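Residue numbers (the working numbering): 19 to 158.
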C-alpha cells in the first residue's frame with residue numbers, strides 16, 4: 019500500500035489545506051489500484067475567529083473529478099477538519115508501474131476562505147507482472 023500527504027496554502031493566510039492519499043492494489047490480474055484521497059483544512063490558533071459555511075470543492079484522481087460539498091466550521095484551534103474524499107480505480111502500465119496526479123480545490127463562498135487549489139504527482143506501488151511461456155514465446 020502506497021500513501022502520502024502534503025499541505026498547501028489557501029486564500030486565507032490562517033487556513034492550511036492538506037491532501038492525504040493511499041492506494042490499494044487490486045492484484046496482477048486486474049493490474050489496477052484503488053486510490054483514495056482525503057481533503058482536509060485547518061485554521062491556525064494565531065487567528066481569533068472561526069470560519070464557517072458550506073465548503074464546495076472538487077477532488078480529482080487520475081483526471082476523474084468528483085464534487086464535495088459540506089457545511090463546516092473551522093475553529094482557530096489547529097485542528098484538521100475533513101471536507102470529503104474520493105476513491106478511483108486507476109489502471110497501471112503494462113509493466114505494473116503507475117504515476118498519477120491528485121488535485122483538489124474549493125472554498126467557502128462569501129468568506130476570506132474563498133478559494134484553494136493544489137495538485138501533485140504520486141507514485142503507486144508497482145504491481146508484479148508475470149510472463150507466460152507459450153509455444154516458445156513469452157507473453158506479457
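All residues carry an ideal CB built from backbone N, CA and C; glycine is no exception. All values derive from a computational prediction rather than experimental measurement.
Terminal residues of the beta strand (DSSP E) in which residue i lies
i           : result
residue 128 : Element bounds for residue 128: n/a, residue is neither H nor E.
residue 28  : From DSSP, residue 28 is part of no beta strand (DSSP E); its letter is neither H nor E.
residue 74  : 69-79
residue 82  : 82-92
In DSSP terms, what residue i is bridged to
i           : result
residue 19  : Per DSSP, none; premise fails for residue 19.
residue 57  : 37, 102
residue 136 : 122
residue 141 : 117
residue 109 : 50
residue 64  : Bridge partners of residue 64: none, in fact.
CB of residue i within 8 Å of CB of residue j, strictly
i           : j           : result
residue 51  : residue 142 : yes
residue 64  : residue 89  : no
residue 53  : residue 108 : yes
residue 122 : residue 69  : no
residue 79  : residue 114 : no
residue 120 : residue 55  : yes
residue 105 : residue 37  : no
residue 59  : residue 91  : no
Cβ-based neighbour list, residue i, same chain, cut-off 8 Å, excluding 5 preceding and 5 following
i           : result
residue 94  : 32, 61, 62, 63, 64, 65, 66, 67, 68
residue 46  : 114, 145, 146, 147, 148
residue 117 : 139, 140, 141, 142
residue 23  : 36, 37, 38, 39
Cβ neighbours of residue i in the same chain (closer than 6 Å, five flanking residues each side left out)
i           : result
residue 7   : Outside the modelled stretch of the chain, which goes from 19 to 158, sits residue 7, for which no answer is possible.
residue 125 : 131, 132, 133, 134
residue 85  : 76
residue 87  : 74
residue 41  : 20, 51, 53, 142
Test: residue i CB closer than 8 Å to a CB of chain C
i          : result
residue 48 : Here chain C cannot be found, since the structure has a single protein chain.
Does the region 126-145 come close enough to the region 22-40 to have 3 or more Cβ pairs within less than 8 Å? With a cut-off of 8 Å, the region 22-40 and the region 126-145 count as touching, because enough Cβ pairs lie within range.
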